[in-house]
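Here the sequence shown stands for residues 23 to 806, where the numbers follow our numbering.
Heads up, the thing below is written out as structure tokens.
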Amino acid sequence: MKTEKILLSPVSGRHDENDSWSLKDAVAKYLYHWPLFLLCLALSITAAYLYLQYNQPKYTVKAKLLIKDQKDNGNSQAALKDMLMPYQSGKNVEDEIEIIESRELMSQVVDKLQLWANYQVPGKLFDDEIYSTTPVKFNIVKPTGLLTKSTFEILIKDQNQFELVGEDGDSKTFSFNNTLKNKFGSWRLQKTPEFDEYIGQTVRITVEDPEIVTSRYLNAVSAFQMNKKASVVELSMKDKDVKRGKDVLNNLITAYNNSAQDEKKQMSADELKFIDDRLASLKKELYSVEKDVEGFRSSKGLTDISSESKLYLESVKDNDANLSEVNVQLNIISGIEHYLSTNNPNGAPSTIGVSDPNLTSLINSLAELQLKRQQLLATTPEGNPVFATIDNQIASTKAAIRENVRTMKNSLASTRNQLQANNNRFMSSIKELPSDERQLVSIKRQQSIKENLYVYLLQKREEAALGSSSNLAFSKTVDEAYVDGTERPLAYTFALLAGLLVPTGLLFGRRLLNNRVTSVKDIELLTNVPVSTELFYEESDSPIVIQPKSGYIVGEQFRSLRTDLQYLHNKKDRGRVTLITSSIASEGKSFVTSNLGVTLAASGRKTIILELDMRKPKISQNFSMDQQKGLSDFLQGRASKQEIIIPSEFHAGLSIIPTGSIPDNPSELLEQVELDELINWLRTEYDDILIDTPPIYLVTDALVLSRLTDAALYLVRQNYTYKVHLEFIEQLHKENKMPKMKIVFNGVQMKGEHRYGYGYYVDGQKNTIRSVMKDMSRRLAITD
């Protein structure tokens with residue numbers, strides 16, 4: 023096997039010289055189809071040019087917003103911060119970004135700008151959007167249902183009339199003062215300042231579902247914190263219309279600020295209501311206590327109390343003030359617990375008097391979520407899946423509030439117990455005072471408690487009122503919407519890629535789907551049988567191309583095959599029997615047999631060709647022989663062996679034994695002992711015996727004859743032999759059914775993409791001398 027791989031033909035040997043040749047060969051095959059690549063590139067670049075000419079570019083629009091979070095409030099603002107708690111306690115930037123990107127705010131922007139109505143001027147290739155210069159505005163006077171996507175065109179005829187063209191193609195003329203009706207309600211067209219510029223033109227109006235438009239703009243707008251050390255949020259979006267992009271971002275910021283103000287007003291109203299209710303109750307209680315003090319002094323005739331009583335009273339007063347504050351906070355905590363247990367979806371519990379900033383922040387977050395839910399209920403059915411997210415957030419916030427309330431309640435209860443213990447100690451001391459004075463101190467104590475609580479609530483009411491009336495915003499616009507650049511599609515890049523990839527894919531797909539043998543690589547991949555020679559395809563008027571002074575390059579290749587045949591027979595000098603076959607018809611076995619016979623005879627070797635393809639003989643036709651007696655006649659006893667040997671007119675050293683008359687049972691004739699005797703006799707008379715056989719894939723004649731031969735040449739034709747036949751060749755090779763088998767790759771195209779890789783052009787003429795000499799030198803070196 024090793025020796026066979028060494029004895030390659032000069033054409034086959036070129037693949038071993040440079041591993042990179044296969045890549046060059048593949049590239050060269052694709053380069054052959056350069057007109058296809060050029061055409062695809064021209065079409066794709068033209069399409070890209072037209073796309074860029076008629077398609078509007080996208081502009082990047084940005085805006086910057088400063089969110090006032092807890093870090094923004096310095097020591098210089100501590101007093102104002104305390105006064106306005108919890109209304110101006112600041113915002114968490116991450117939470118505010120979620121609010122800015124919320125569906126509720128974007129829905130408000132879509133409704134305000136009427137983005138659900140799109141205006142275009144029809145073009146030849148693309149439609150131009152005219153948001154900022156539209157001549158009319160589509161206004162719904164009285165909606166009757168949800169907006170569904172619908173498109174209609176209007177032709178502006180003059181200042182008063184327009185022609186309406188519906189989706190069905192029907193057209194009617196209406197006045198701009200008319201109110202029209204369709205499936206989504208009553209509507210009319212309102213003229214804009216740009217109306218006069220569009221008289222005589224057609225405008226296409228597309229109305230879409232606002233929820234779909236809201237989703238589209240939510241995906242287009244992005245908000246992110248520019249720097250973790252600064253609470254500046256950058257909003258950005260891309261839009262074909264600069265004004266529309268600016269309007270969306272500016273109105274989104276306005277909607278965000280309005281939402282924050284509405285939240286603050288709602289919370290302030292809840293706080294003030296709670297304080298007013300408590301003040302009204304305390305006012306009555308304080309009045310009652312004051313009447314008790316006055317009545318007791320009058321009945322007992324007391325005008326003053328002793329210094330000792332005053333000392334006790336002052337101590338009790340301070341302790342009671344602290345106890346009252348703790349009780350207020352416990353009452354608020356109880357109110358929060360009651361609110362959480364009733365699952366009240368409206369409003370939020372008051373946090374006036376609560377000193378824990380974490381609890382205040384959680385209550386504020388709960389109020390924001392509930393306000394968002396109420397706003398969403400105004401436009402969306404409660405069964406919509408969007409409520410699931412908000413309800414989950416509300417539930418998790420309430421759980422955090424419950425945990426915080428439990429901890430705070432335990433702490434306040436411990437403080438209250440300590441203050442009550444102090445009260446008990448003071449009361450024991452007061453009992454040592456005279457009876458009347460002791461009763462007066464007790465009444466004065468109740469009065470002090472009520473007064474302190476009343477004053478405390480009045481102070482908190484002023485804080486709440488101040489916070490409600492404050493115009494301080496949670497955010498500040500750093501930069502209003504501005505254009506930050508233009509984004510044009512990478513049309514030429516995609517066009518270049520398409521112009522290269524599309525034809526490459528087509529060519530690769532064609533090769534992938536091709537089930538025929540196209541190159542030596544196909545043979546090497548599917549079989550271990552070595553390739554002896556590649557024979558180029560050339561047009562010829564005669565089937566015999568080996569002639570004196572012939573200019574055919576294939577002649578040199580037949581001489582190379584003659585040399586390779588010598589090594590295939592181990593340099594045997596006489597009586598060499600070579601079988602030549604193929605898989606199917608028309609692969610060139612008769613052509614190769616005929617020309618190889620002439621080549622051998624031209625070198626001085628006495629050669630004979632046996633035409634044993636008794637079904638479709640071609641050798642006789644190649645040599646222009648008349649119908650004569652042949653092998654079939656000899657095997658049937660109708661002719662002697664001397665009678666069937668016919669000298670060839672092409673060369674004196676070449677003889678031919680034709681088929682003779684076409685027999686009915688060729689396979690049976692080939693198995694006769696007379697054929698064995700004939701071959702053995704020919705071995706003694708001739709140097710080379712070439713046997714032309716039928717295709718082995720179709721009939722078994724070649725296998726029957728293989729017993730008589732020393733070597734076999736198997737023909738494979740480019741772009742004709744199927745790859746499945748190579749698997750059959752490999753099976754023959756593994757089972758050793760053919761002696762010393764080699765493949766002759768026939769019909770190799772020297773034109774088109776197949777010419778690459780065959781460097782046989784010197785000074786404009788075809789020759790293989792350089793390759794043959796190079797290969798012969800290599801073989802001699804190996805042999806030595």
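All residues carry an ideal CB built from backbone N, CA and C; glycine is no exception.
* To do: Determine the direct distance from the alpha carbon of isoleucine 631 to that of isoleucine 684, and round the result to whole angstroms.
  => As a first step, residue 684 must be located in the sequence shown, where it is residue number 662. As a first step, residue 631 must be located in the sequence shown, where it is residue number 609. Between the C-alpha atoms of isoleucine 684 and isoleucine 631 there is a straight-line separation of about 18 Å.
* To do: Tell me, please, whether the region 382-390 touches the region 280-295 by the rule of three or more beta-carbon pairs shorter than 8 Å.
  => In this structure the region 382-390 touches the region 280-295; the number of beta carbon pairs closer than 8 Å is three or more.
* To do: Figure out for me which residue from Ser433, Glu118, Leu63 and Ala435 has the closest Cα to the Cα of lysine 394.
  => Counted from its first residue, the sequence shown places residue 394 at position 372. It is Glu118.
* Asked: Can the beta-carbon of proline 717 be found closer than 8 Å to that of isoleucine 545?
  -> On the sequence shown, residue 717 is found 695 positions in, with the first residue counted as 1. On the sequence shown, residue 545 is found 523 positions in, with the first residue counted as 1. The Cβ atoms of proline 717 and isoleucine 545 do not sit closer than 8 Å to each other.
* Of the listed residues Glu120, Val132 and Lys213, nearest to threonine 156 (C-alpha basis) -> Translated into the one-based positions of the sequence shown, residue 156 becomes position 134. Per the C-alpha coordinates, the member of Glu120, Val132 and Lys213 positioned closest to threonine 156 is Lys213.
* To do: Starting from the N-terminal side, write out each stretch of the beta strand (DSSP E) that is 3 residues or longer and does not extend beyond the region 473-560.
  => The region 473-560 contains these whole beta strand (DSSP E) runs: 497-509 and 553-558.
* To do: With DSSP as the reference, label proline 144 as helix, strand or coil.
  => Looking up residue 144 in the sequence shown gives position 122. Note: proline 144 maps to coil in three-state DSSP.
* Would you mind reading off the limits of the beta strand (DSSP E) that contains aspartate 714? => Taking the sequence shown and counting its residues from 1, one reaches residue 714 at position 692. Counting along the chain, the beta strand (DSSP E) containing aspartate 714 begins and ends at 710-714.
* Asked: How far does the beta strand (DSSP E) with tryptophan 209 in it reach, from first residue to last?
  -> Translated into the one-based positions of the sequence shown, residue 209 becomes position 187. Annotation for tryptophan 209: the continuous beta strand (DSSP E) segment containing it runs 207-213.
* Asked: Does the distance from the C-beta atom of isoleucine 178 to that of glycine 207 stay below 8 Å?
  -> Looking up residue 178 in the sequence shown gives position 156. Looking up residue 207 in the sequence shown gives position 185. Cβ atoms of isoleucine 178 and glycine 207: not closer than 8 Å.
* Use the C-beta contact count for glutamine 787: other C-beta atoms within 10 angstroms, 16 or more gives buried, fewer gives exposed. => Counted from its first residue, the sequence shown places residue 787 at position 765. Residue placement at glutamine 787 is poorly supported in this model, since its pLDDT is 34, which falls under 50; the coordinates are not used for a value here.
* To do: Would you list the residues sitting across from asparagine 768 in a DSSP beta bridge?
  => Translated into the one-based positions of the sequence shown, residue 768 becomes position 746. Partner(s): Arg739.
* **glutamate 699 classed as buried or exposed, judged by whether at least 16 other C-beta atoms fall within 10 angstroms** => Stepping through the sequence shown from its first residue, residue 699 is reached at position 677. Glutamate 699 comes out exposed.
* **Rounded straight-line distance, which links the Cα of glutamate 123 to that of isoleucine 412** => In the sequence shown, the residue the question calls residue 412 occupies position 390. In the sequence shown, the residue the question calls residue 123 occupies position 101. Spanning the two alpha carbons is a distance of roughly 14 Å.
* According to DSSP, is lysine 86 helix, strand or coil? -> As a first step, residue 86 is located in the sequence shown; it is residue number 64 there, counting from the start. Residue state for lysine 86 is assigned as strand, using DSSP reduced to three classes.
* To do: Taking alanine 70 and tyrosine 514 to be in contact with their CB atoms under 8 Å, please state how far apart those CB atoms are, rounded to whole angstroms.
  => Working through the sequence shown from its first residue, we reach residue 70 at position 48. Working through the sequence shown from its first residue, we reach residue 514 at position 492. With a Cβ gap of about 5 Å, alanine 70 and tyrosine 514 count as contacting.
* To do: Can you have a look at valine 809 and say buried or exposed, based on whether 16 or more other CB atoms are within 10 angstroms of its CB?
  => With the chain covering 23 to 806 only, the question about residue 809 has no answer from this structure.
* To do: Taking serine 3 as part of the alpha helix (DSSP H), name the residues at either end of that continuous run.
  => Coverage of the chain is limited to positions 23 through 806, which leaves residue 3 absent and any answer about it impossible.
* **Residue ranges of each beta strand (DSSP E) within the region 121-175, 3 or longer** => Counting only runs of 3+ residues, the beta strand (DSSP E) found wholly inside the region 121-175 occupies 139-143 and 158-165, in chain order.
* To do: Can you tell me the Cβ-Cβ gap for serine 654 and isoleucine 667, rounded? I've got them flagged as a contact below 8 Å.
  => For the purposes of this step, residue 654 is taken as the residue at position 632 of the sequence shown. For the purposes of this step, residue 667 is taken as the residue at position 645 of the sequence shown. The C-beta distance from serine 654 to isoleucine 667 rounds to 15 Å, too long to fall under 8 Å, and the pair is not in contact.
* **Anticipated Cβ contact below 8 Å, serine 346 with leucine 475, distance rounded** => Mapped onto the sequence shown, residue 346 falls at position 324. Mapped onto the sequence shown, residue 475 falls at position 453. Right, the Cβ-Cβ distance comes to about 5 Å (below 8 Å), so this counts as a contact.
* CB-CB under 8 Å to lysine 27, same chain, minus the five flanking residues each way: which ones, in chain order? -> Indexing the sequence shown from 1 puts residue 27 at position 5. For lysine 27, the predicted model reports a pLDDT of 32, less than 50, meaning its position is unreliable; a value from the coordinates is still stated below. The residues are Pro552.
* In three-state terms, what does DSSP make of lysine 420? -> One-based indexing of the sequence shown puts residue 420 at position 398. Correct three-state label for lysine 420: helix.
* **Rounded separation between threonine 228 and tryptophan 138 - CA only** => Against the sequence shown, residue 228 aligns to sequence position 206. Against the sequence shown, residue 138 aligns to sequence position 116. So the alpha carbons of these two residues sit roughly 8 Å apart.
* From the DSSP output, in three-state form, read off asparagine 426 for me. => Against the sequence shown, residue 426 aligns to sequence position 404. When secondary structure is reduced to three states using DSSP, asparagine 426 falls in the helix class.
* Between histidine 747 and tyrosine 719, is the Cβ-Cβ spacing less than 8 Å? -> Here the question's residue 747 lines up with position 725 in the sequence shown. Here the question's residue 719 lines up with position 697 in the sequence shown. Yes. Within cutoff.
* For arginine 532, is the classification buried or exposed, using 16 other Cβ atoms within 10 angstroms of its Cβ as the cut-off for buried? -> One-based indexing of the sequence shown puts residue 532 at position 510. So arginine 532 counts as exposed.
* Can arginine 739 and glutamate 609 be called in contact, C-beta distance under 8 Å? -> Position 717 of the sequence shown, counted from the first residue, corresponds to residue 739. Position 587 of the sequence shown, counted from the first residue, corresponds to residue 609. By the CB criterion at 8 Å, arginine 739 and glutamate 609 fall inside the cutoff.
* Asked: For arginine 660, which residues of its own chain have a beta-carbon under 8 Å away from its beta-carbon, when the five flanking residues on both sides are left out?
  -> For the purposes of this step, residue 660 is identified with residue 638 of the sequence shown, where counting begins at 1. The answer, listed in chain order, is Lys651.
* Where the beta strand (DSSP E) through glutamine 247 begins and ends -> Start at 1 with the first residue of the sequence shown, and residue 247 comes out as number 225. Looking at the DSSP string, the run of the beta strand (DSSP E) that includes glutamine 247 is 244-249.
* To do: Note down the Cα distance separating glycine 625 from arginine 581, rounded to an integer number of angstroms.
  => Locating residue 625 in the sequence shown gives position 603, where the first residue counts as 1. Locating residue 581 in the sequence shown gives position 559, where the first residue counts as 1. Reading the sequence as shown, one finds serine at residue 625 and not glycine. If you take the alpha carbons of serine 625 and arginine 581, they lie about 9 Å apart.
* Closest to glutamine 442 by CA distance: which of Ala343, Ser612, Leu169 and Asp563 is it? -> Counted from its first residue, the sequence shown places residue 442 at position 420. In terms of Cα proximity to glutamine 442, the closest of Ala343, Ser612, Leu169 and Asp563 is Ala343.
* To do: Name, in chain order, the residues that DSSP records as bridge partners for glutamine 223.
  => On the sequence shown, position 201 is the one that residue 223 refers to. Answer is none; glutamine 223 lacks a bridge partner.
* Taking the continuous alpha helix (DSSP H) assigned at alanine 624, which residues delimit it? -> Numbered from 1 along the sequence shown, position 602 holds the residue referred to as residue 624. For alanine 624, the enclosing alpha helix (DSSP H) covers residues 611-624.
* To do: Under the assumption that tryptophan 732 contacts threonine 585 (Cβ atoms under 8 Å), give the Cβ distance between them as a whole number of angstroms.
  => The residue given as residue 732 occupies position 710 in the sequence shown. The residue given as residue 585 occupies position 563 in the sequence shown. Note on residue identity: the sequence assigns aspartate, not tryptophan, to residue 732. At roughly 17 Å, the Cβ-Cβ gap does not stay under 8 Å, so aspartate 732 and threonine 585 are not in contact.
* Asked: Between Glu219, Trp209 and Lys262, which lies nearest to threonine 166 when the distance is taken from Cα to Cα?
  -> By 1-based counting over the sequence shown, the position of residue 166 is 144. For threonine 166, the nearest C-alpha among the options comes from Trp209.
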